[in-house]
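**Q**
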Amino acid sequence: MTDSSRAPGVLHVVATPIGNLGDLSPRAQDVLRSVDAICAEDTRHTRQLLGHFGIDRPLLALHEHNEDGLAARLVERLRAGDSLALVSDAGTPLVSDPGFRLVRAARAAGLRVSPVPGPSALIAALSVAGLPSDRFVFEGFLPAKAGARRERLQTLAAEPRTLLFYESSHRIEEMLADAVQAFGGTRPAVVARELTKLFETVLDGPLETLAARVAADADQRRGEFVVLVEGAGEDADARLAEGRRVYALLSKEMKPSLAAKLAADITGAPRKALYGMGGGADSEATGG
């Protein structure tokens, strides 16, 4: 039962270090000490962080598998006057991490949700990349399966804004190789690894050069990665026009799906912008 004598609590969304523990702000520490409980993606990881700063508060596990069911109960705690903090394993919560369902439920209930800003791997990487930063697109983690990953990258080939991706050590080599195929080997890019940590590296250059360097050096395949790719330049429209011209010629001799693939490979134009443009999209292959 809600205690009507207490004002509703606040849900604090607290950014935590992505590597260097010195990046936990004094305000974040004060908030974490003051709340009634802390919602954490991995309570073991967060307990170690809190222990480093001498913070001892109750921890609640909140992750992608239980967030839907837990959000309503946490909203009731907030309504009853408890204040809560939401943290992820590293960086700013909700950025490729759980939490948005809880935030949405709290806001829908008319409760206060307050940010405690701080580290974010994607913003940290963007700030040191030397790529255009006035407009950018965050794509998070790409699909784990190769086919789906290549398809996603291909749809982004003509994107004019700087692209940012998160990637794991298990797939960084394959992801860069697929990016070379989707964007072309000469597209400027940056691979930021282990940001704020002891073995931080920020590599820049053409995609094909970066892909080769990472493939050749096992040390550059360890850790956590942010990959940034410069957006398509002013020649994007020219590539698309040439792709359509080549597609029109090839599609007279072969299935539209194959024609689109070859035209994309030849010109660097995005395959999805070519496939089926003539209106007769390979119905025998798709069952349409």
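Counting along the sequence shown from 1, when you hit position 262 you're at 262 in full-length UniProt numbering, and nothing is skipped either side. Every residue, glycine too, gets a C-beta built ideally from N, C-alpha and C.
(1) Could you tell me how far apart the beta carbons of residue 85 and residue 62 are, in whole angstroms, since I believe they sit closer than 8 angstroms?
(2) Keeping to the same chain, check which residues put their C-beta closer than 6 angstroms to that of residue 12; ignore five residues upstream and five downstream.
(3) Quick one: give me the first and last residue of the alpha helix (DSSP H) that residue 10 is part of.
(4) Expressed to the nearest angstrom, what Euclidean distance is found between the alpha-carbon atoms of residue 19 and residue 204?
(5) Please report the residue range of the alpha helix (DSSP H) in which residue 165 lies.
(6) If you drop the 5 nearest sequence neighbours on each side, which residues of the same chain put their C-beta closer than 6 angstroms to that of residue 132?
(7) Hey, would you say residue 193 sits closer than 9 angstroms to residue 202, going by beta carbons?
(8) I want to check one thing, is the minimum distance from the CB of residue 98 to the heavy atoms of the ligand PLP below 8 angstroms?
(9) Can you name the start and end residues of the beta strand (DSSP E) that residue 188 belongs to?
(10) Under the rule that 16 or more other beta-carbon atoms within 10 Å means buried, what is residue 183, buried or exposed?
(11) Drop a sphere of 10 angstroms on the beta-carbon of residue 16, count the other beta-carbons inside from all chains shown, and report buried for 16 or more, exposed for fewer.
(12) Have a look at 196, 190 and 144 and flag the residue whose alpha-carbon is nearest the alpha-carbon of residue 208.
(13) Along the chain, where does the alpha helix (DSSP H) containing residue 209 start, and where does it finish?
(14) Distance, Cα to Cα, residue 154 vs residue 272?
(15) Check each candidate in 256, 173, 249 and 164 and name the one with the smallest Cα separation from residue 230.
(16) In whole angstroms, give me the CA-to-CA distance for residue 187 and residue 181.
(17) For residue 44, which three-state DSSP category applies?
(18) Less than 8 angstroms between C-beta atoms, sequence neighbours within five positions excluded: which residues of the same chain meet that for residue 280?
(19) So, is residue 48 buried or exposed, given that buried needs 16 or more other C-beta atoms within 10 angstroms?
(20) Would you mind working out which of 46, 27 and 56 sits nearest residue 36, comparing C-alpha positions?
(21) Please state whether DSSP places residue 268 in a helix, a strand or coil.
(22) Taking DSSP as the reference, what is the three-state secondary structure of residue 95?
(23) Suppose contacts are defined by Cβ-Cβ distances below 9 angstroms. Is residue 195 in contact with residue 246 by that definition?
(24) Ignore the nearest five residues each way along the sequence and tell me which others in residue 152's own chain have a CB closer than 8 angstroms to its CB.
(25) What number of angstroms, rounded off, separates the C-alpha of residue 266 from the C-alpha of residue 244?
(26) Mind checking residue 253: buried by the 16 CB within 10 Å criterion, or exposed?
(27) Pull the bridge partners of residue 138 from the DSSP assignment, please.
(28) Between residue 263 and the rest of its own chain, which residues show a CB-CB distance below 7 angstroms, the 5 nearest in sequence each way excluded?
**A** Taking the definition as stated:
(1) Going by Cβ atoms, the distance from residue 85 to residue 62 rounds to 11 angstroms, so no, they are not a contact pair.
(2) Its chain contains 31, 85, 114 and 116 as the residues whose beta carbon lies nearer than 6 angstroms to that of residue 12, once the 5 sequence neighbours on both sides are disregarded; these appear in chain order.
(3) Counting along the chain, residue 10 sits inside no alpha helix (DSSP H); it lies in the beta strand (DSSP E) bounded by residues 10–14.
(4) For residue 19 and residue 204, the distance between alpha carbons rounds to 21 angstroms.
(5) No alpha helix (DSSP H) holds residue 165; the beta strand (DSSP E) holding it covers 162–168.
(6) Cβ contact annotation for residue 132 (same chain, cutoff 6 angstroms, sequence separation greater than five): 162, in chain order.
(7) When the beta-carbon positions are compared, residue 193 and residue 202 come within less than 9 angstroms of each other.
(8) Questions concerning the ligand PLP fall outside what the structure shown contains, since it holds no ligand whatsoever.
(9) First-last of the beta strand (DSSP E) with residue 188: 188–193.
(10) By the 10 Å Cβ count, residue 183 comes out buried.
(11) When all chains shown are included, residue 16 counts as buried.
(12) Checking every option, the nearest Cα to that of residue 208 belongs to 190.
(13) Looking at the DSSP string, the run of the alpha helix (DSSP H) that includes residue 209 is 207–216.
(14) Those two C-alpha atoms are separated by around 7 angstroms.
(15) Checked all of 256, 173, 249 and 164; the closest Cα to residue 230 is 164.
(16) Rounded to whole angstroms, residue 187 to residue 181 spans 11 angstroms at the Cα level.
(17) Per DSSP, reduced to three states, the secondary structure at residue 44 is helical.
(18) Reliability of the predicted coordinates at residue 280 is poor, the pLDDT of 43 falling under 50, and the value obtained from them is presented with this limitation in mind. Correct list, in chain order: 256.
(19) Counting Cβ neighbours within 10 Å, residue 48 comes out exposed, since fewer than 16 surround it.
(20) Selection 46, 27 and 56 evaluated against residue 36 yields 56 as nearest (Cα-Cα).
(21) Coil.
(22) Looking at residue 95 - three-state DSSP - the assignment turns out to be coil, as it is neither helix nor strand.
(23) Going by C-beta atoms, residue 195 is not nearer than 9 angstroms to residue 246.
(24) The residues are 139, 142 and 143.
(25) Using only the alpha carbons, I get a separation of about 11 angstroms.
(26) Residue burial annotation: residue 253 is exposed, with fewer than 16 other C-beta atoms found within 10 angstroms of its C-beta.
(27) 164, per the DSSP bridge assignment.
(28) Within the same chain, 243, 246, 247, 250, 269 and 274 come within 7 angstroms of residue 263 by CB-CB distance, once the 5 residues on both sides are set aside.
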